[in-house]
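Visitor: Using this note's numbering, the first residue of the sequence shown is number 2, and each one after it goes up by one.
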Amino acid sequence: MDEIMDGAFANCQSLNKFIASDGDTELKLGRNGYNSDRGMFHECPLKEVYIGRNLVYGTTEYYGYSPFYRNASLEKVKFTDIPTEVFTNEFYGYTNLKEVSLGDGVKKIGDYAFSGCSSLATFSFGASMETIGNEAFSDCTAMTKLYAEPTTPPTFGTQALDDINKWECTLYVKGSAKANYQAAEQWKEFFFMEDYDFTTAIDKVPAEIPQSDTYKVYSLQGSLIKVTNDKAELSSLPTSLYIINGKKVMVK
């Protein structure tokens, strides 16, 4: 599937989870309805969103700015290591959102992407993050844990981190990168900054991959490397980090 048309989820008032499965093709999303200026999931009481590929959608008022714009029920968002960007306004106004995890493929967080997410407590982003847009976290006053994996602190736009309480939120970074964050604008304002071993969050061997009918293997850059129905074949992959069924896996 590469497109979901306008009105596909209109009046779906029991839909609480959306999964854009892992893939190297973009998924195009339409509007809430044919005559609506609201996002595709405006009427859906979503609790969880899983994004395993790049999304394409209209970002103007006509399209509701984002398929997820101002969805007050959402609690958890996960990007795998395949998507490359969180768009402007994408999760704006999610007042009940509590946890966000962005994979290693994500390089940019757009302007106002999580603005107004006043319940957001835990946020993590992977090693490729480079840029955080204007007011990306404005009004995110409840954050207590921020995990930043890049060695080089991402740059940021105007007031990107201003509303995060630097006396209440702990910033977790690689031990080797701590000095970089302590010297970087805005990042150095975090009163609590702790070393974190990000490898503890990575699956180490293929044996830990959940059983599945199909295994899709991607590089960290999002290129499809292999598709197989035989889990044993994964052990023959060259030693490296891969994305297998949406999970970061070290094959030794």
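Cβ coordinates follow ideal geometry from the N, Cα and C atoms, glycine included.
Of all the options Tyr51, Ile245, Arg39, which has the alpha carbon lying nearest to the alpha carbon of Ser213?
Guide: Within the sequence shown, numbered from 1, the residue matching residue 213 stands at position 212. Nearest of Tyr51, Ile245, Arg39 to Ser213, Cα basis: Ile245.
Visitor: Closer than 6 Å by C-beta to Cys45: which residues in its own chain qualify, once you throw out the five before and the five after it? Chain order, please.
Guide: For this step, residue 45 is matched to residue 44 along the sequence shown. Counting only Cβ-Cβ distances below 6 Å, and skipping sequence neighbours, we find Phe10, Cys13, Leu16.
Visitor: Whose CA, out of Val218, Leu56, Gly117, Asp23, lies closest to the CA of Asp1?
Guide: Outside the modelled stretch of the chain, which goes from 2 to 253, sits residue 1, for which no answer is possible.
Visitor: Please state whether the Cβ-Cβ distance between Tyr173 and Tyr197 is less than 9 Å.
Guide: As a first step, residue 173 is located in the sequence shown; it is residue number 172 there, counting from the start. As a first step, residue 197 is located in the sequence shown; it is residue number 196 there, counting from the start. Yes. Within cutoff.
Visitor: With distances taken from CA atoms, which of Lys217, Tyr93, Glu234 is nearest Asp23?
Guide: Translated into positions along the sequence shown, residue 23 becomes position 22. Of the candidates Lys217, Tyr93, Glu234, the one whose C-alpha sits nearest the C-alpha of Asp23 is Lys217.
Visitor: Once you ignore the five residues that flank Ser67 on each side, which residues in its own chain have a CB closer than 6 Å to its CB?
Guide: For the purposes of this step, residue 67 is taken as the residue at position 66 of the sequence shown. So the list reads Gly40, Asn90, Glu91, once near-sequence residues are dropped.
Visitor: Using three-state DSSP, classify Tyr216 as helix, strand or coil.
Guide: Walking along the sequence shown from the start, residue 216 turns up at place 215. It is a strand residue.
Visitor: Under three-state DSSP, which class holds Ala114?
Guide: Position 113 of the sequence shown holds residue 114. If DSSP states are grouped into helix, strand and coil, Ala114 belongs with coil.
Visitor: Assuming Thr156 contacts Glu131 under a Cβ cut-off of 8 Å, what Cβ separation, rounded to an integer in Å, is found between them?
Guide: As a first step, residue 156 is located in the sequence shown; it is residue number 155 there, counting from the start. As a first step, residue 131 is located in the sequence shown; it is residue number 130 there, counting from the start. Correct: roughly 7 Å between the Cβ atoms.
Visitor: Which one or two residues does DSSP pair with Asp196 in a beta bridge?
Guide: Here residue 196 corresponds to residue number 195 of the sequence shown, with the count starting at 1. Val174.
Visitor: Expressed to the nearest angstrom, what Euclidean distance is found between the alpha-carbon atoms of Gly94 and Phe138?
Guide: Here the question's residue 94 lines up with position 93 in the sequence shown. Here the question's residue 138 lines up with position 137 in the sequence shown. Spanning the two alpha carbons is a distance of roughly 11 Å.
Visitor: Could you spell out the range, first to last residue, of the alpha helix (DSSP H) harbouring Cys180?
Guide: If you number the sequence shown from 1, residue 180 lands on position 179. The amino acid occupying residue 180 in the given sequence is Ala; Cys does not appear at that position. Element bounds for Ala180: 179-184.
Visitor: Do Ala178 and Pro154 count as a contact pair if the criterion is CB distance below 9 Å?
Guide: Locating residue 154 in the sequence shown gives position 153, counting from the first residue. Locating residue 178 in the sequence shown gives position 177, counting from the first residue. In contact: Pro154 and Ala178 (Cβ atoms closer than 9 Å).
Visitor: The beta strand (DSSP E) with Thr85 in it runs from where to where?
Guide: Here residue 85 is taken as the residue at index 84 of the sequence shown, counted from 1. Here Thr85 belongs to no beta strand (DSSP E), and DSSP marks it neither H nor E.
Visitor: For Glu27, does the three-state DSSP call read helix, strand or coil?
Guide: Residue 27 sits at position 26 when you count from the first residue of the sequence shown. Glu27: coil per DSSP, three-state reduction.
Visitor: In this structure, does DSSP put Lys232 in helix, strand or coil?
Guide: Here residue 232 is taken as the residue at index 231 of the sequence shown, counted from 1. Lys232: helix per DSSP, three-state reduction.
Visitor: Buried or exposed: which applies to Lys18, given that a residue is buried once 16 or more other Cβ atoms fall within 10 Å of its Cβ?
Guide: Locating residue 18 in the sequence shown gives position 17, where the first residue counts as 1. Exposed, because fewer than 16 other Cβ atoms sit within 10 Å of the Cβ of Lys18.
Visitor: Which of the three DSSP states, helix, strand or coil, is assigned to Lys227?
Guide: If you number the sequence shown from 1, residue 227 lands on position 226. Lys227 falls in the strand class under three-state DSSP.
Visitor: Determine whether the beta carbon atoms of Thr96 and Ser119 lie at a separation below 9 Å.
Guide: Against the sequence shown, residue 96 aligns to sequence position 95. Against the sequence shown, residue 119 aligns to sequence position 118. Cβ atoms of Thr96 and Ser119: closer than 9 Å.
Visitor: Which first and last residues belong to the beta strand (DSSP E) in which Ser67 is found?
Guide: Counted from its first residue, the sequence shown places residue 67 at position 66. Looking at the DSSP string, Ser67 is not in any beta strand (DSSP E), and its letter there is neither H nor E.
Visitor: Report buried or exposed for Asp82, applying the criterion of at least 16 other Cβ atoms within 10 angstroms of its Cβ.
Guide: By 1-based counting over the sequence shown, the position of residue 82 is 81. Buried, because 16 or more other Cβ atoms sit within 10 Å of the Cβ of Asp82.
Visitor: How should Phe42 be labelled, buried or exposed, when 16 other C-beta atoms within 10 angstroms of its C-beta is the threshold for buried?
Guide: On the sequence shown, residue 42 is found 41 positions in, with the first residue counted as 1. Phe42 should be labelled buried.
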